[in-house]
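Report on the structure given below.
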Amino acid sequence: TTPFKPDKRLKKLWEAVSKYGTQVEFQKQSGRDLIIFPEGTRSKTGEMGPLKSGAFLIAARAGAPVVPCRVLYQSGKPRLFGKVRIVVGRPLSVEELGLAGGAEGAPSAAALRQARRLCAGCLEELYAAHVHTVERAGK
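Quick note, the sequence shown lines up with residues 697 to 835 if you use this note's numbering.
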């Protein structure tokens, strides 16, 4: 078996993200937002899953801020036609996330881990600050 090489994997991911450069540039020039869910999937329990690096690589490539958002389910987990509240945090700049550098090169694996931790912390704060308002609305 070949030993795992995170730098090689990151390089391939950066190359893939770079292929989306045209779309990223279109979004920036048109003033439109690009929404990405960095968990990669929805949670059946309503709990937050681990964040993946792709959204942060796209933000780094675009030099665009990441705006943490959290979907809070009134019933505690997703239900068909269930009520939700979407809470939005403050924008995190690529500099604040440690991802500045733009198109010149991919951020390091350590920088991506730090960005994911910072964003996850913001998402947990959003949950803690707003979960009680969703629970009250359901009663």
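Virtual Cβ for every residue (Gly too), placed ideally from N, Cα, C.
So, helix, strand or coil for residue i, using DSSP?
| i | result |
| --- | --- |
| V784 | strand |
What span of residues does the alpha helix (DSSP H) with residue i cover, start to end?
| i | result |
| --- | --- |
| R738 | Segment: none, R738 is in no alpha helix (DSSP H) and carries neither H nor E. |
| L753 | 750-758 |
| V790 | 790-793 |
Nearest CA to the CA of residue i: which residue from the options?
| i | options | result |
| --- | --- | --- |
| R836 | A758, G750, Y823, V827 | It is not possible to answer for residue 836, since the shown part of the chain is limited to 697 through 835. |
| P734 | A825, L819, A824 | L819 |
| I782 | A816, Y823, D729, C815 | Y823 |
| R757 | L795, R812, H828, R766 | L795 |
| R786 | Y769, R813, E743, C765 | C765 |
| L793 | A811, V767, G759 | A811 |
| R738 | A760, V784, Y769 | Y769 |
| K748 | C815, T829, E821 | C815 |
Under DSSP, the beta strand (DSSP E) around residue i begins and ends at which residues?
| i | result |
| --- | --- |
| R766 | 765-769 |
Does the beta-carbon of residue i have 16 or more other beta-carbons within 10 angstroms, so that it is buried, or is it exposed?
| i | result |
| --- | --- |
| I754 | buried |
| P803 | buried |
| V762 | buried |
| A805 | exposed |
| L776 | exposed |
| V790 | buried |
| T697 | For T697, the predicted model reports a pLDDT of 44, less than 50, meaning its position is unreliable; a value from the coordinates is still stated below. T697 should be labelled exposed. |
Could you tell me if the beta carbon of residue i falls within a distance shorter than 8 Å of some heavy atom in the ligand GDP?
| i | result |
| --- | --- |
| S789 | This structure lacks the ligand GDP, and indeed carries no ligand of any kind. |
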